[in-house]
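Undergrad: Chains as they are written, first to last, in my numbering: chain A, 2 to 321; chain B, 2 to 422.
Just passing along the structure, written as structure tokens.
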Amino acid sequence: MAFDLSALGSFLRSDDPPEAGGYPDPAPRVGFFTDTSVCIGCKACEVACKEWNAIPEDGLTFTGMSYDNSEHLGASTWRHVAFIEQQRPMGAPSSAAPAAGGSGGPVDLGMPAMPGGAGAPAAADDGSGDRTGLRWLMASDVCKHCTHAACLDVCPTGALFRTEFGTVVVQEDVCNGCGYCVSACPYGVIETRKDDGRAWKCTMCYDRLGAGQEPACAKACPTDSIQFGDLDELRVRAQARVEQLHEAGVPEARLYGADPNDGVGGDGAFFLLLDEPEVYGLPPDPVVTTRDLPVMWRNAALAAGALLIGLAVTFLGRKR
Amino acid sequence: MSGQHGDDRSSANGAVGNGGRNGRHAATGPGDDGTDVRHDPHAAPDHDAVPRGLTAGAEPGAAPGAGDEGFGSGGFGGRFGGFGSGGGGGRRKRRGGGRGGEDLMVPEAEFTSYYGRPILHKPKWETLDIAGYLFLGGLAGSSSVLAAGATATGRPALARACKVGSLVAISGSVVALVHDLGRPDRFANMLRTVKPSSPMSVGSWILTAYGPAAGIAAVTSVTGWFPRIGKLATFAAAATGPAVAAYTAPLIADTAVPTWHAGHEELPFLFVSSGAMAAGGLGMIAAPVAQAGPARRAALIGGVAEVAITRFMERRMGLPGETLRQGKAGTLMRAAAALSLGGAVVGGIGGRWSRAAAVVGGLAAMAGSACTRFGIFEAGVASTQDPKYVVQPQRERLEKRAASSGSSSGDTQGRADEWAA
């Protein structure tokens, strides 16, 4: 190509945290490690966040989605606790053989009296079905404060900026509510408020960070499911926790957003999950959309050139 | 066999993570039997009590074997759940069990999600404002190029029509864009910075350069004042017009909206074709047959290219491409294809002899271009409303990466390579 796309790519990422976020002398990058294995779903984080940041009410709805009543991160929901109820065998021996042609197998759904499924729960090890039980997953979701943050990249006014702590914050006195960040976020976090027009999201309590305090949600979390600290240290701690869980017989424990080589360069707020990310409403492999922007600009330039030349060609030939 | 089958399923259940992936195979694997969590009547009781995440998580072994894919996904499952080949084997064999009267208590899920809720937010942009702007911007930018050509080759009626048309279109664009802001009074904040990483920022500067030029070109053309400045403005507008027509593709593609982003390579070419067709349509409607030759050719070439590139793009998009065929977007895209081709043929060819054909064809071409823009806009919106358009392509990507590396360290390497590329 006429110009070097990878050079353009690194130029577009030049002020991301690996390059100190554009600060000559930045503070260590901070973040959240949300260990969902110890979340008890108390929603203290949601409440603390609302209180500290004076966020307006976000709808008093009954969703029917277990104990979830805040539904999704949004303009007025900066912490969202997800509740997932799962039926799964609890320690059922893997050798439990289902009756030939039987309908159950070791998978008991715990549904009362499945029609035609006579004896289905009997396949469980003790016949009472007690060993197959409910697993309740709870997870407090939050803005990921991506290393390569799409919302920040696409913001045309500069309202979104990288703080000296490596977090991503909206300046509400600059935002003009164009909504570009809303569509750019691969996690569906940032959103505009209808009555106010501007975009809002978690600031990681920028005001508290400036005063040497930890964010309100982490402060309020009674089980230390939400841990705040230097990102490097949190990553080490999270890795140790995963290994601990694996040893304890929880092989499904995995980190989400902790890998600095993932599609967003790693999250400033990352998670320990007990199931696939999409079960919690998280995208399994998010990629910052601006990664492909060099290709888009190249193709747009080629297309613009083609339009100019193509229309010029229509004027060739006899005059008619 | 049956016993082992049970074993494997149990193992797979332990590997909770397998649910989504297996489920996806259910939809896309060669052995797809079409069972879908959303359509299977057996799903009803589960739906009431438990999220879809559970549905798939509890029944990974129920996914069809998908024959040759069994190995790759089995290994992949092992990476997370530690049950490696066991899970794969179970999957491979299950199909027989499924057919042999084993009622699917939990249907095969094609993917997992959080209560079926969208992962992404719906674009905040109003359809009329932004899809309308995509159309008007393309029309304005392309018209300015036609206007300059017409000025240079002595086609005054065509030149004037295109200049006035582009001024009207770009004025409408700016009104729509400002109207769409959450804080319209802060529209000038767009010019606080220059950000190449933001197509909207770049676009604001492109419009700042283009708008006044297009305006001066139109006013001088109609009034006859300052002919030399008018000529200068005409060519300045023609130089920046293609940027106006083309940048709107990165504008919408540089988002996480599955359908828009999936078309990021083709959309620039699609949008300039569409813009050229619309400008050609405008020229055919407004200029006499004797002067409208270039407009007819623009509509003909643009129209055919627009339809061809749309087909090409749709095919390359993968799963999100189906949003261009369904619902409101599907209707708009079908109308767009008919109007664009109809306009290209009736106006572009028939317009050589008949003024009436030129007007009808020109209107069809403009309507076709508008339908294309509204169709693509609506398809993008629809793709944010169903989490499968987010989850499935990303799952496929993960699996492809896992298949090519086979280890988690390779996984990381693969990603690093993608970045470097």
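Ideal Cβ positions, reconstructed from N, Cα and C, are used throughout, including at glycine.
Only a predicted model underlies this, so the values are computations on that prediction, with no experimental measurement involved.
#1: Step through the CB atoms of chain A and report whether any lies within less than 8 angstroms of the CB of B/THR209.
#2: Return no unless some Cβ of chain B is closer than 8 angstroms to the Cβ of A/SER71.
#3: Between the segment 269-281 of chain A and the segment 262-279 of chain B, do three or more beta carbon pairs fall short of 8 angstroms?
#4: Would you mind listing the alpha helix (DSSP H) stretches within the segment 208-278 of chain B that are 4+ residues and don't spill past its ends, in chain order?
#5: Can a CB atom of chain A be found closer than 8 angstroms to the CB of B/TYR115?
#6: In its own chain, which residues sit with a C-beta less than 7 angstroms from the C-beta of A/ALA151, not counting the 5 before and 5 after it?
#7: Can you pull the chain A neighbours of B/ALA244, defined as C-beta to C-beta under 7 angstroms?
#8: Give the single residue among A/THR35, A/VAL31 and A/ASN262 whose Cα lies nearest to the Cα of A/CYS222.
#9: Grab the span of the beta strand (DSSP E) containing A/VAL31 for me, first residue to last.
#10: What residues in its chain sit with their C-beta under 8 angstroms from that of B/LEU140, if we drop five residues either side in the sequence?
#11: Just to confirm before moving on: does the CB-CB distance between B/GLY381 and B/SER341 stay below 8 angstroms?
#12: Could you have a look at A/GLN88 and say whether DSSP puts it in helix, strand or coil?
#13: According to DSSP, is B/LEU105 helix, strand or coil?
#14: Taking the DSSP output, what are the residues bridged to A/SER141?
#15: With a threshold of 8 angstroms, are at least 3 pairs of Cβ atoms found where one atom belongs to the segment 327-337 of chain B and the other to the segment 233-240 of chain B?
#16: Ends of the beta strand (DSSP E) at A/TYR340?
#17: Is A/VAL280 buried or exposed, if buried means 16 or more other CB atoms sit within 10 Å of its CB?
#18: Look at the alpha carbon of B/ILE217 and the alpha carbon of B/GLY225, and state the distance between them as a whole number of angstroms.
#19: I'd like to know whether the C-beta of B/ILE217 is nearer than 8 angstroms to at least one C-beta of chain A.
#20: Interface residues of chain A around B/SER143 at Cβ under 9 angstroms?
#21: Does B/ASP181 pass the burial test, meaning 16 or more other C-beta atoms within 10 Å, or should it be called exposed?
#22: Reducing DSSP to helix, strand and coil, say where A/VAL265 ends up.
#23: Given this structure, state the Cα-to-Cα distance separating A/GLY189 from A/SER67, to the nearest angstrom.
#24: For B/THR256, return the contacting residues in chain A, with the cut-off set at a CB-CB distance below 7 angstroms.
#25: Please decide whether A/CYS147 counts as near chain B, where near means a Cβ-Cβ distance under 8 angstroms.
#26: Leaving out five residues before and five after B/ARG161 in sequence, what residues of the same chain have Cβ atoms less than 7 angstroms from its Cβ?
#27: Pick from B/VAL258, B/PRO185 and B/ALA287: whose alpha carbon is nearest that of A/PRO287?
#28: Does DSSP put A/PHE229 in a helix, a strand or coil?
#29: In chain A, what lies closer than 8 angstroms to B/GLY344 by C-beta?
#30: I want to verify the contact list: residues of chain B whose CB lies under 9 angstroms from the CB of A/MET139, in sequence order.
#31: Is B/TYR248 closer than 8 angstroms to A/ALA301 when the C-beta atoms are compared?
#32: Classify A/GLY318 as helix, strand or coil using the three-state DSSP reduction.
#33: Check the Cβ of B/LEU121 against every Cβ in chain A and list those closer than 7 angstroms, keeping chain order.
#34: What first and last residue would you give for the alpha helix (DSSP H) that runs through A/VAL175?
#35: Is there at least one Cβ from chain B nearer than 8 angstroms to A/PRO157's Cβ?
#36: How big is the Cα-Cα spacing for A/PHE316 and B/VAL245?
TA: According to the structure shown:
#1: No, B/THR209 does not count as interfacial toward chain A.
#2: By this cut-off, A/SER71 is not an interface position.
#3: Contact between the segment 269-281 of chain A and the segment 262-279 of chain B is absent: fewer than 3 CB-CB pairs across the two stretches fall below 8 angstroms.
#4: Taking only runs of at least 4 residues, the alpha helix (DSSP H) segments lying wholly in the segment 208-278 of chain B are 228-254 and 259-263.
#5: Look at B/TYR115: its C-beta is under 8 angstroms from a C-beta on chain A.
#6: Excluding sequence positions up to five before and after A/ALA151, its CB lies within less than 7 angstroms of the CB of ALA185, CYS186, PRO187, VAL289, THR290 and THR291, all in the same chain and listed in chain order.
#7: Neighbours of B/ALA244 on chain A, chain order: ALA305.
#8: For the set A/THR35, A/VAL31 and A/ASN262, the Cα lying nearest the Cα of A/CYS222 is the one of A/THR35.
#9: Taken as a continuous stretch (DSSP letters only), the beta strand (DSSP E) holding A/VAL31 covers 31-36.
#10: The residues are GLY166, SER167, ALA170, GLY276, ALA279, ALA280, LEU283, MET367 and SER370.
#11: Contact: no.
#12: In this structure, A/GLN88 counts as strand in the three-state DSSP scheme.
#13: A caution first: B/LEU105 carries a pLDDT of 45, below 50, which makes its placement in the model too unreliable to give a value.
#14: In the DSSP output, where bridge partners are listed per residue, A/SER141 has A/VAL82.
#15: With a cut-off of 8 angstroms, the segment 233-240 of chain B and the segment 327-337 of chain B do not count as touching, because too few Cβ pairs lie within range.
#16: What the structure shows of chain A is the stretch from 2 to 321, and residue 340 of chain A is not part of that stretch, so it cannot be assessed.
#17: It is buried - the Cβ of A/VAL280 has at least 16 other Cβ atoms within 10 Å.
#18: Between the alpha carbons of B/ILE217 and B/GLY225 lies a distance of about 11 angstroms.
#19: Using beta-carbon distances, B/ILE217 does not count as an interface residue toward chain A, since no partner is under 8 angstroms.
#20: Per Cβ cutoff of 9 angstroms: LEU308 and LEU312.
#21: A buried status is given to B/ASP181, since no fewer than 16 other beta-carbon atoms sit within 10 Å of its beta-carbon.
#22: Collapsing the DSSP output to three states places A/VAL265 in coil.
#23: C-alpha of A/GLY189 to C-alpha of A/SER67: approximately 21 angstroms in a straight line.
#24: Those within 7 angstroms of B/THR256 in chain A are SER184, ALA185 and THR290.
#25: Between A/CYS147 and chain B, the shortest Cβ-Cβ separation is not below 8 angstroms.
#26: Excluding sequence neighbours, B/ARG161 sits near SER222 and VAL223.
#27: Ranking B/VAL258, B/PRO185 and B/ALA287 by Cα distance to A/PRO287 puts B/VAL258 first.
#28: Residue state for A/PHE229 is assigned as strand, using DSSP reduced to three classes.
#29: The contacting residues do not exist; B/GLY344 stays about 16 angstroms from chain A at best.
#30: Within 9 angstroms Cβ-Cβ: nothing; A/MET139 doesn't reach chain B, min ~12 angstroms.
#31: Yes, the Cβ-Cβ distance between A/ALA301 and B/TYR248 is below 8 angstroms.
#32: A/GLY318: coil per DSSP, three-state reduction.
#33: The contacting residues are GLY189.
#34: Looking at the DSSP string, A/VAL175 is not in any alpha helix (DSSP H), and its letter there is neither H nor E.
#35: In terms of beta-carbon proximity, A/PRO157 lines the interface with chain B, with at least one pair separated by less than 8 angstroms.
#36: Rounded to the nearest angstrom, the gap between the Cα atoms of A/PHE316 and B/VAL245 is 21 angstroms.
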